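For reference, the structure is listed below as structure tokens.
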Amino acid sequence: MTLYDISAKLLGEEHYLLPERTQETLENTLFTAIAHFIDNHQRKLHELIAIAVTLTSLVDPVLGIIYYMPHISINNWALVDNLQQRFNVTSFVGHDIRSMALAKHYFGDTCDCEDSILVRLHRDTGAGIIVNGKVFLGNNGNVGEIGHIQIDLLGERCHCGNFGCLETVAASAAIEHRVCQLLTHAYPSKLKLDDCNINAI
Ligand SMILES: [Zn+2]
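Okay, structure coming up:
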């Protein structure tokens, strides 16, 4: 969780674990964390003008509703309404990679470009497309989901249900797994795949 002023200068940052597995308990834990964060930064908070939550999900940033998350069952989660009710502050919700592309357009490397694409490989794989200075959402609001393009018909199963998506090859966990496979193959007497630890290596 981070606190920025309107020039995007970082004023404060804290990390919170959100291990919850249902929509209700996740919202409760998130709101408790936000309240705690606001309390902790009262001295720097002259006027809180907005709260924004970004997450890996199928989200409508205009209506402020989340329709799908990869690892939690979601039922039309009206997160923006709930945030505004609880904290009485203008609130936004957005897809993490598309929001990052917009942030780069406003304050980062692509601030001189009206059109840009940001591709991110992390826990998942995706892209955020900026056209004429705005996030390009497309008809279904999910343009840029390149992580679920099938690249290997016989590949591993993806959390979306399909097999061999780009994300099963080009995301942090998949890359770590592949490196472990190669290392255990190269040094079979020293390493077993189960106890392969990238950090230790
Ligand atoms: Zn997939």
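For the sequence shown, the residue numbers in numbering that gives the first Met the number 0 are 0 to 200. Glycine included, each C-beta is placed from N, C-alpha and C at the ideal position. No experiment lies behind these values; they were computed from the predicted model shown.
Same chain, Cβ closer than 6 Å to residue i, five either side skipped, listed in chain order
i, result
"A185", "none"
"G154", "F162, G163 and T167"
"Q22", "I73 and W76"
"G93", "T53 and P60"
"R156", "F162"
"L82", "I50 and S90"
"F30", "R85"
Neighbourhood of residue i by C-beta, 8 Å cutoff - its chain only, sequence neighbours within 5 removed
i, result
"A172", "R122"
"I150", "G163, C164, L165 and V168"
"M0", "E12, E13, H14, Y15, A32, I33 and F36"
"H40", "L2, L10 and G11"
"M99", "T53, L117, R119 and G127"
Rounded separation between residue i and residue j - CA only
i, j, result
"G63", "D38", "25 Å"
"L2", "L152", "44 Å"
"I48", "R177", "44 Å"
"T109", "V130", "12 Å"
"A199", "P69", "Per-residue confidence for A199 stands at a pLDDT of 43, beneath the threshold of 50, marking its modelled position as unreliable; the derived number appears in the next sentence. The straight-line gap from Cα to Cα measures roughly 29 Å."
"H104", "Y15", "27 Å"
"D114", "L101", "11 Å"
"F135", "I148", "18 Å"
"T55", "D95", "6 Å"
"I174", "N138", "32 Å"
"P18", "L25", "8 Å"
"L117", "H45", "33 Å"
"N141", "V88", "27 Å"
"L78", "P187", "49 Å"
"G127", "C179", "30 Å"
"Y67", "G132", "26 Å"
"C222", "H158", "The chain is shown from 0 up to 200; residue 222 falls before or after that span and cannot be answered."
Sub-8 Å separation of residue i and residue j beta-carbons
i, j, result
"V58", "I50", "no"
"L9", "K43", "no"
"I5", "F86", "no"
"G143", "R97", "yes"
"A7", "F91", "no"
Same chain, Cβ closer than 7 Å to residue i, neighbours up to 5 away in sequence not counted
i, result
"T124", "I145, G146, L165, E166, A169 and A170"
"D80", "G63"
"T203", "No answer is possible for residue 203: the residues shown for the chain start at 0 and end at 200."
Got a list of residues with beta-carbon closer than 6 Å to any non-hydrogen atom of ligand 1, in chain order?
H147, C157, C159, N161, C164 and E166
Hey, which unbroken runs of the beta strand (DSSP E) at 3 residues or more fall wholly within the region 82–153?
90–94, 115–120 and 124–130
Length-filtered (3 minimum) beta strand (DSSP E) runs lying within the region 39–70
Runs found: 50–54, 57–59 and 64–67.
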